[in-house]
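Chemist: The number in this note's numbering is simply the position in the sequence shown, starting from 1, with 160 added. Ideal Cβ placement from N, Cα and C applies to all residues, glycine included. All values reported here derive from a predicted model rather than from experimental measurement.
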Amino acid sequence: MFPYGYKEEEPQDLFDHRSDTEQVIGDQVPNSTASRWNIAQSGGHLESDDKHLRTGSRGTLVEEDGQGIIEKEGADGRDFDKKSSTHITVSELPEGQTPARRSDEHIYESGPSTPCVGAQHLDDDEKFTNILRVTSRRSVRSVATTRSNRSGATVKPVQSIDKEGNVYPEGGREAYSVVIGAFMAMFGSLGLVNSTGIFQSYLLQHQLSDQSESKVGWIFGMFAFFMFFSSLQIGPIFDAKGPRELMLLGTALIVGGTLALGWCTKYAHFMVVFAFMIGPGNSLVFNPAVASISHYFLRNRARATGIATSGGGIGGVVFPLMLQSLFPKIGWAWSTRAVALLCLVTLAIGCLLVKSRLPKKKATKENILPDFRIFKQPIFTTVTMGIFFLEWGMFIPVTYISSYAFSHGVSEKLSYQILALLNVGSALGRFIPGFIADSIGRFNTMIITAVLCFLTNFVLWFPAASHTALIIVFAIAFGFASGSNMSLVAVCIGQICKTENYGRYYATSYCLVSFAVLTGVPIGGQIISRCNGSYWGLILFTGLSYVAATVCFVVAKCLHCGFDRPWVKW
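Encoded structure:
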């Protein structure tokens, strides 16, 4: 779903790596018994002549997935004076055992008179502690800096660095201002996407009452198709020019298109405005906004992205409530103009705050054009199919929930509010799973939320019928479960390719997936027509789409981690 350049990468440790050269830990420490190390950056394992490297001995630490553990211990298991010397013990893991994620730490400490490598001179009542986390090759590794005094400790964020040497602030005023700007940009762009249900319901009852649900559904199918398909060309322009020009053009298209809706009266008018103005405008805004977050965050990227994309969910709450209140008072034309004004304000703030910071690069056909040879990779193929089924089912409840509620005796006002409630759940679903994904793995989180999506369809929506309370419960539950679908897709693609190949992988994947969003809503409308206005077939189609998506993501994870280790973090 999300943009070119958005890639979940491994940060390298902010440590004084010197490949194939000797580094002394405890350098400048009087009478130090600290160990000497050769630190290399290539794959491998903890290499040593002995199974236990004692203080004063030599060994080689070579980073790799689950091959060794660095334990916080004193030399030979004894207690030690943290202010006068540095002691570490390195032991090999038993065969088949992986490190515990929380305890695999290499800790070296010093007082003000005994600085370690990379340490700072602090006040006499402070200590300086660097923690080098050793986890899975696919996990985040970084250095955290802790400064403490006698009364307690405070952990301050540090920078991360990727394989290409790019440094990420992981916080700070500028980084968080970009997140706020992206939030506002999502409010004015994805907020409209999440409000398609109220537009569809209103048009079917008024301007396009003579058209079938399937035919009206093609308007919003084309809208979603051009929103995603445009991403293929926007990515390389972002890499070369940055976000500002793209977002300004997108703002003009969204605001202009929303204003133009006030003058639309025929089917062709709505098709042109939604598909060729608002759709590409959305892509020009949200792709650069989310891609810019990846310039400031690496370890906490899923969390920052979750915060930003929750703006789309909140916009999906505000717009339906706003329109259901304005339609009976001032009519269609002035209601859409009020929406255009709100979009202008939020998108203008986004344009001012969102910026990029990493070096720009030239756009080449190698990193922007689809490459169908990538489908020879089984993991990529299964992930793409998973995203296809995910997008196939995701937009159907968002588009049809208001029409469904209205057809089952719910008032027009409440049917619009139900869509708003769905987006309340969606906002939380984009925010909370972002934090969870950083802890348990992106694919694991995606699988869990996909399972929740098909469960809510079969357990809550299927039996809802005219039970208004159950419809409301379904809307909130499905909104929460499906919220992370939009924020984690790009991260999952990023985990199966190298940074320099991400553009081609994303372009190739969405070259196929865009046809899912093109056909999903119209297929849903056709199913309703074939079922004589009943929605049971639509619900079944949505639920089965999520079942297929879940199977694809599980298979992709097993292809990477092994079918005998489906529970590992990834």
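Just verifying my parser: in three-state terms, what is the DSSP assignment at residue 327?
Modeler: Note: residue 327 maps to strand in three-state DSSP.
Chemist: In this structure, does DSSP put residue 143 in helix, strand or coil?
Modeler: A question about residue 143 goes unanswered here, because the residues of the chain that appear run from 161 up to 730.
Chemist: Just how far apart, CA to CA, sit residue 352 and residue 361?
Modeler: Rounded to whole angstroms, residue 352 to residue 361 spans 14 Å at the Cα level.
Chemist: What separation, rounded to the nearest whole angstrom, lies between the Cα atoms of residue 695 and residue 688?
Modeler: C-alpha separation (whole angstroms): 6 Å.
Chemist: Return the first residue and the last residue of the alpha helix (DSSP H) that residue 416 is part of.
Modeler: Residues 404-420.
Chemist: Return the CA-CA distance between residue 306 and residue 467, expressed in angstroms with no decimal places.
Modeler: Confidence at residue 306 is low in this model, with a pLDDT of 36, below 50, so the placement of that residue is unreliable and no value is reported for it.
Chemist: Which value, in whole angstroms, describes the spacing of the CA atoms of residue 708 and residue 490?
Modeler: Cα to Cα, residue 708 sits roughly 44 Å from residue 490.
Chemist: Quick one: any contact between the stretch 468-476 and the stretch 577-584, if contact means 3 or more CB pairs under 8 Å?
Modeler: Taking 8 Å as the limit for Cβ pairs, the verdict is that the stretch 577-584 does touch the stretch 468-476.
Chemist: Quick one: give me the first and last residue of the alpha helix (DSSP H) that residue 561 is part of.
Modeler: Element bounds for residue 561: 538-567.
Chemist: Alpha carbon to alpha carbon, what distance is there between residue 423 and residue 701?
Modeler: Each residue's Cα considered, the two are about 35 Å apart.
Chemist: My parser needs the alpha helix (DSSP H) runs of 4 or more residues fully inside the stretch 689-728; what are they?
Modeler: As far as the stretch 689-728 is concerned, its whole alpha helix (DSSP H) runs of at least 4 residues are 696-721.
Chemist: Could you check what DSSP says for residue 448 in three-state terms: helix, strand or coil?
Modeler: Here residue 448 sits in helix by DSSP.
Chemist: What would DSSP say about residue 367, mapped onto helix, strand or coil?
Modeler: It is coil, neither helix nor strand.
Chemist: In the structure shown, what three-state DSSP assignment does residue 429 receive?
Modeler: Helix.
Chemist: Residue 399: buried (16+ other C-beta within 10 angstroms of its C-beta) or exposed?
Modeler: Classification of residue 399: buried, given that the 10 Å Cβ count is 16 or more.
Chemist: Assuming residue 706 contacts residue 391 under a Cβ cut-off of 8 Å, what Cβ separation, rounded to an integer in Å, is found between them?
Modeler: Contact doesn't hold; Cβ gap of about 23 Å is too wide.
Chemist: Could you tell me whether the stretch 376-395 touches the stretch 667-687, where touching means 3 or more Cβ pairs closer than 8 Å?
Modeler: Result yes; three or more Cβ-Cβ pairs closer than 8 Å.
Chemist: Below 7 Å between beta carbons: does that hold for residue 562 and residue 575?
Modeler: In contact: residue 562 and residue 575 (Cβ atoms closer than 7 Å).
Chemist: Here's the rule I'm using: 16 or more other beta-carbon atoms within 10 Å means buried, otherwise exposed. How should residue 532 be labelled?
Modeler: Residue 532 comes out exposed.
Chemist: Quick check: the stretch 491-509 against the stretch 608-619, are at least 3 beta-carbon pairs closer than 8 Å?
Modeler: Taking 8 Å as the limit for Cβ pairs, the verdict is that the stretch 491-509 does not touch the stretch 608-619.
Chemist: Look at the Cβ atom of residue 430, then the Cβ atom of residue 379, and state whether they are nearer than 7 Å.
Modeler: Contact: yes.
Chemist: Between which two residues does the alpha helix (DSSP H) harbouring residue 378 extend?
Modeler: From DSSP, the alpha helix (DSSP H) with residue 378 extends over 373-389.
Chemist: Starting from residue 573, trace the alpha helix (DSSP H) both ways and give me its first and last residue.
Modeler: Counting along the chain, the alpha helix (DSSP H) containing residue 573 begins and ends at 572-600.
Chemist: Give the DSSP-derived three-state secondary structure of residue 270 in the structure shown.
Modeler: With a pLDDT of only 29 at residue 270, under the threshold of 50, the placement of this residue in the model should not be trusted; the figure read from the coordinates follows. Correct three-state label for residue 270: strand.
Chemist: Within the same chain, show all residues whose beta-carbon is closer than 7 Å to that of residue 545, passing over the 5 residues directly before and after it, in chain order.
Modeler: For residue 545, where only same-chain residues beyond five positions count, the Cβ hits under 7 Å are 712.
Chemist: Do residue 341 and residue 514 come within 7 Å of each other at the CB atom, strictly closer than that value?
Modeler: Contact: yes.
Chemist: DSSP on residue 360, reduced to helix/strand/coil?
Modeler: Helix at residue 360.
Chemist: Taking the straight line between their C-alpha atoms, what separation do you get for residue 681 and residue 381?
Modeler: Each residue's Cα considered, the two are about 6 Å apart.
Chemist: The alpha helix (DSSP H) spanning residue 651 covers which residue range?
Modeler: Looking at the DSSP string, the run of the alpha helix (DSSP H) that includes residue 651 is 628-654.
Chemist: According to DSSP, simplified to helix, strand and coil, what is residue 399?
Modeler: Residue 399: helix per DSSP, three-state reduction.
Chemist: Identify whether residue 500 lies in helix, strand or coil by the three-state DSSP scheme.
Modeler: Looking at residue 500 - three-state DSSP - the assignment turns out to be helix.
Chemist: Which of helix, strand or coil does DSSP assign to residue 617?
Modeler: Residue 617 falls in the helix class under three-state DSSP.
Chemist: Give the DSSP-derived three-state secondary structure of residue 354 in the structure shown.
Modeler: Here residue 354 sits in coil by DSSP.
Chemist: Here's a check: name, in chain order, each residue in its chain whose Cβ is nearer than 7 Å to the Cβ of residue 408, leaving out the five neighbours to either side.
Modeler: The residues are 511.
Chemist: Could you tell me whether the Cβ atoms of residue 374 and residue 686 are closer together than 7 Å?
Modeler: In contact: residue 374 and residue 686 (Cβ atoms closer than 7 Å).
Chemist: Taking the straight line between their C-alpha atoms, what separation do you get for residue 452 and residue 664?
Modeler: Distance between the alpha carbons of residue 452 and residue 664 is about 18 Å.
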